[in-house]
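The opening residue of the sequence shown carries number 47 in the working numbering; numbering runs sequentially from there.
Below you'll find the structure, written out as structure tokens, and then a few comments.
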Amino acid sequence: MWYRVFSLSAQEPPPAQLAEYLHARGLMIEPHFRGDDLGWTEGELRLPTGSPVLLARYLTNDDDLRDDLNAYAAELETLTYSPHSLPLMTRVIQTQQLFTLRQPVDIRDEVFVTTLLEEACRFLASTTDGVYQIDGRGWFAATGEVLVPEY
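Printed below as a string of structure tokens:
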């Protein structure tokens, strides 16, 4: 399952702050990040057991994201059952950076991993003026409020 954060800010969220945020919530992970001259580009949140949660950071100006963002915007345009769908469509079009997080296949503690993924999305969304989307669940504000459920 994929989790995605669509951010209006291009400012890089510091990996150390993400780790501190997660640790403060009792989510003891070991962070490992890699990057280049544009900042961190990918990372792993290593769990006590099992495969890590994988993160990636894409910049709209430097990575080829426009087709993907247009596809998400087009999908949101069809979700007319929610009053949030059109404002979200606009936000997605204006995305400056996109974060993806992938749920590991070999989950040993589903509650821990789900909480970790959701909290990581909340941190990334709140520090970069973003919203997040979870496959099969919907679109969320940085606070965790459901904006557009997926049915």
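We treat Cβ as the ideally placed atom computed from N, Cα and C, and that holds for glycine.
According to the DSSP assignment, A171 belongs to the alpha helix (DSSP H) that extends over E156 to T173. In the three-state scheme derived from DSSP, where H, G and I count as helix and E and B as strand, H78 is classed as strand.
DSSP lists G89 and L147 as the beta-bridge partner residues of L101.
Pairing P98 with M135, the inter-Cα distance amounts to about 31 Å. A65 and Y49 have their C-alpha atoms spaced approximately 18 Å apart. The stretch 173-191 makes no contact with the stretch 79-91: fewer than 3 CB pairs, one atom from each, lie closer than 8 Å. Per DSSP, Q140 lies in no beta strand (DSSP E) segment and is marked neither H nor E. Taking a C-beta distance under 7 Å as the contact criterion, H130 and L193 qualify as a contact pair.
When beta bridges are read from the DSSP output, G176 appears opposite S53.
In this structure, the beta-carbon distance from T173 to P61 does not fall below 7 Å. For L64, the enclosing alpha helix (DSSP H) starts and ends at P61 to A70. Put simply, the backbone Cα of D155 is about 12 Å away from that of L163.
In this structure, DSSP gives L115 a helical state, which the three-state scheme calls helix. G182 is not bridged by DSSP to any residue.
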